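Mapping of the sequence shown onto the numbering used here: residues 1 to 194, in sequence order. C-beta atoms are modelled at their ideal positions from N, C-alpha and C, and glycine is treated no differently. Just so you know, these numbers come straight off a predicted model, no measurement behind them.
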Amino acid sequence: MFIIAMILKTAFSIVLISTVARFLAQMARADFYNPLAQTVVKITDPFLRPMRRIIPSVSGLDVSSLILLFVGQFILATLIILMSGYNPVQYLANLAVGALIATGVVILWVIYWSMIIVAISSFILMGQHNPFVHFIGQMIEPFVGPFRKLNLQVGMLDLSFIIAIIAIYILKDFLLIQTVGKFVGFNPALFIGG
Numbered sequence: 001m002f003i004i005a006m007i008l009k010t011a012f013s014i015v016l017i018s019t020v021a022r023f024l025a026q027m028a029r030a031d032f033y034n035p036l037a038q039t040v041v042k043i044t045d046p047f048l049r050p051m052r053r054i055i056p057s058v059s060g061l062d063v064s065s066l067i068l069l070f071v072g073q074f075i076l077a078t079l080i081i082l083m084s085g086y087n088p089v090q091y092l093a094n095l096a097v098g099a100l101i102a103t104g105v106v107i108l109w110v111i112y113w114s115m116i117i118v119a120i121s122s123f124i125l126m127g128q129h130n131p132f133v134h135f136i137g138q139m140i141e142p143f144v145g146p147f148r149k150l151n152l153q154v155g156m157l158d159l160s161f162i163i164a165i166i167a168i169y170i171l172k173d174f175l176l177i178q179t180v181g182k183f184v185g186f187n188p189a190l191f192i193g194g
């Protein structure tokens, strides 16, 4: 049963993390001719293309991606509860609230790890162009940009980037999971990004 749950979580992780990447990249108007962007599109298109026919974007915000994230988190948690031998029907309200929190958590989780990847890559690559890192950098720019305006560059070290990483971590772990999550009985083990 544990192995099946792990396979399920892995499959859902690939789709949901790719959906977050596509959502963030569209928000940031990133280059979709990038090889990583093309991979993200191929993974998410079978799910998002039919949804976009009936769910329009609102003020440039890709609502279909957000709904797919919520539904994906909800289905995964329901399947895990079902495989644990419990009846998910009695937990539907909790699962819906949990899926809503998990949607926010997985978005922040992807932003957080993307920032860390870009930060580490900037030291390793030392100015060399890498299409994957470039796409990830574009994806998170709307979140890093406001912190860059603080102009906290100390030599080669960009402290504004570190502050952005800490801010996202606090938002994800302390505000969403520890505060709101604990209040509503959020179980991170049932969802992606928890």
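- request: Compute the Euclidean distance between the alpha carbons of residue 138 and residue 38, then round it to the nearest angstrom.
  value: 15 angstroms
query: Which ranges would you report for the alpha helix (DSSP H) in the stretch 80 to 140 if only whole runs of at least 4 residues count?
result: 92 to 125
query: With distances taken between CB atoms, is the gap from residue 80 to residue 24 smaller than 9 angstroms?
result: no
message: Since residue 36 and residue 68 should fall inside the 8 angstroms C-beta cutoff, what is the C-beta to C-beta distance between them, to a whole number of angstroms?
response: At roughly 19 angstroms, the Cβ-Cβ gap does not stay under 8 angstroms, so residue 36 and residue 68 are not in contact.
query: Hey, residue 115 and residue 174 are a contact pair by Cβ (cut 8 angstroms); roughly how many whole angstroms apart?
result: That pair is no contact at about 17 angstroms.
CB of residue 186 within 9 angstroms of CB of residue 101, strictly: yes
message: On the CB-based measure, 16 or more other CB atoms within 10 Å of its CB, does residue 53 come out buried or exposed?
response: exposed
query: From which residue to which residue does the alpha helix (DSSP H) around residue 169 run?
result: 159 to 169
message: Taking the straight line between their C-alpha atoms, what separation do you get for residue 119 and residue 141?
response: 13 angstroms
task: Flag this pair as yes or no: are the beta carbons of residue 98 and residue 184 separated by less than 9 angstroms?
output: yes
- request: Could you tell me if residue 58 is buried or exposed, where buried requires 16 or more neighbouring beta carbons within 10 angstroms of its beta carbon?
  value: exposed
task: List the whole-angstrom C-beta distance separating residue 164 from residue 144, where the pair is believed to meet the contact cut-off of C-beta under 8 angstroms.
output: 5 angstroms
- request: Have a look at the DSSP bridge pairing and note the partners of residue 61.
  value: 58
field: Proximity winner among 29, 30 and 17, relative to residue 65 (alpha-carbon distances)
entry: 17
- prompt: When you compare only the Cα positions, how much space is there between residue 148 and residue 136?
  reply: 17 angstroms
query: Closest by CA to residue 113, which one among 84, 21, 7 and 9?
result: 21
message: By alpha-carbon positions, which one of 62, 41, 153 and 40 ends up nearest to residue 27?
response: 62
field: Which listed residue (169, 122 and 83) has its alpha carbon closest to that of residue 158
entry: 122
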